[in-house]
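Undergrad: Numbering (our numbering), first residue to last: 177 to 430.
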């Protein structure tokens with residue numbers, strides 16, 4: 177077990193919307209960090225209900241399951257999210273309520289990522305940013321072909337990565353990526369702690385137009401932990417060997 181990775185979220189309603197339909201999740205339990213961004217869609221607060229339901233059900237469903245296969249566990253949790261969003265929409269009579277989902281489960285240094293829609297995951301390493309997920313986008317600009325709240329069921333893509341010390345994992349809604357390029361993200365992710373980086377990304381997206389709600393989660397890979405107990409044991413063993421060798425040398429002297 178390594179020490180927990182640093183994680184933080186930031187969000188802003190933007191300049192054109194009157195309410196925020198994005199939701200984020202940062203939850204650490206039983207040695208697993210789970211983070212997620214949901215970007216709701218649907219009129220009359222349908223997006224609010226969908227995204228709020230998504231992050232709550234995602235955490236609950238994920239931690240209810242104890243499967244060793246993190247990809248299966250996370251995919252099953254997204255399926256539960258789909259059912260929960262459909263149920264909430266029916267209960268509140270919100271036809272068409274749906275949401276994107278991008279989520280990551282991190283155990284030690286292994287990262288499992290799933291996504292539906294156009295909310296993205298990026299990995300920043302050695303001053304280079306790489307998009308991990310692939311958008312599920314339609315022919316109409318900013319339309320999505322996969323989402324939670326789909327009566328046909330969901331089929332999330334699954335990706336696996338390693339989170340090395342100092343790596344930065346970014347999850348964000350399209351309110352960030354419609355304004356910021358990969359080059360922008362490199363400079364915005366390069367410095368500061370997780371909270372600073374997440375806030376900086378969101379503020380910059382809003383400053384450049386704020387056409388949509390903007391949400392970002394940043395996770396920073398934990399530094400390597402020096403095993404002082406092992407080092408102390410090794411040092412003690414070396415000293416003991418030296419002491420025995422010295423004693424034997426003295427005994428053999430005339």
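Every residue gets a Cβ at the ideal spot worked out from N, C-alpha and C, and that includes glycine.
Just so it is clear, the structure is predicted and the values come from calculations on it, not from any experiment.
Which residue wins for smallest C-alpha separation from residue 196, given the options 383, 302, 387 and 396?
TA: 387
Undergrad: Cα separation between residue 215 and residue 275?
TA: Roughly 5 Å between the two C-alpha positions.
Undergrad: Please state whether DSSP places residue 404 in a helix, a strand or coil.
TA: With a pLDDT of 48 at residue 404, under the threshold of 50, the modelled position of this residue cannot be trusted, and the question is left open.
Undergrad: Looking only at its own chain, which residues have a Cβ that is under 7 Å from the Cβ of residue 313, when we skip the five neighbours before and after it?
TA: Closer than 7 Å at the Cβ level, and outside the excluded window around residue 313, lie 294, 319, 320 and 321.
Undergrad: In the DSSP assignment, the alpha helix (DSSP H) including residue 283 goes from what residue to what residue?
TA: Per DSSP, residue 283 lies in no alpha helix (DSSP H); the unbroken beta strand (DSSP E) holding it starts and ends at 277 to 283.
Undergrad: Should the region 347 to 358 be called in touch with the region 382 to 399, which here means at least 3 C-beta pairs below 8 Å?
TA: Contact holds: three or more Cβ-Cβ distances are below 8 Å.
Undergrad: Near residue 353, what residues of its chain come up, given a Cβ to Cβ distance below 7 Å and the 5 sequence neighbours on each side ignored?
TA: 296
Undergrad: Given that a residue counts as buried once 16 or more other Cβ atoms are within 10 Å of its Cβ, and exposed if not, what is residue 233?
TA: Here residue 233 is buried. Its C-beta has 16 or more other C-beta atoms within 10 Å.
Undergrad: Assuming contact is defined by CB atoms lying nearer than 9 Å, are residue 325 and residue 273 in contact in what I supplied?
TA: yes
Undergrad: Give the secondary structure of residue 391 by DSSP, where H, G and I count as helix, E and B as strand, and everything else as coil.
TA: strand
Undergrad: Relative to the alpha-carbon of residue 299, which residue among 394, 203, 281 and 258 has its alpha-carbon at the smallest distance?
TA: 394
Undergrad: Residue 252 by DSSP, collapsed to three states: which one?
TA: helix
Undergrad: Could you name the residues of the same chain whose beta carbon sits closer than 6 Å to that of residue 253, not counting the 5 residues immediately before and after it, in chain order?
TA: 234, 237 and 238
Undergrad: Does the contact criterion of 3 or more C-beta pairs under 8 Å hold for the region 302 to 316 versus the region 240 to 254?
TA: no
Undergrad: Per the contact definition of three or more C-beta pairs closer than 8 Å, is the region 353 to 371 in contact with the region 277 to 285?
TA: no
Undergrad: Suppose you measure from the CA of residue 367 to the CA of residue 271; what does that come to, to the nearest Å?
TA: 43 Å
Undergrad: Taking 6 Å as the limit between beta carbons, can you name the residues of its chain near residue 376, skipping five residues before and five after?
TA: Counting only residues of its own chain and dropping the five nearest sequence neighbours on each side, residue 376 has a CB closer than 6 Å to the CB of 364.
Undergrad: For residue 336 versus residue 289, is the C-beta spacing smaller than 9 Å?
TA: Yes.
Undergrad: Where are the alpha helix (DSSP H) runs, 4 residues long or more, that stay fully inside the region 214 to 248, in chain order?
TA: 222 to 240
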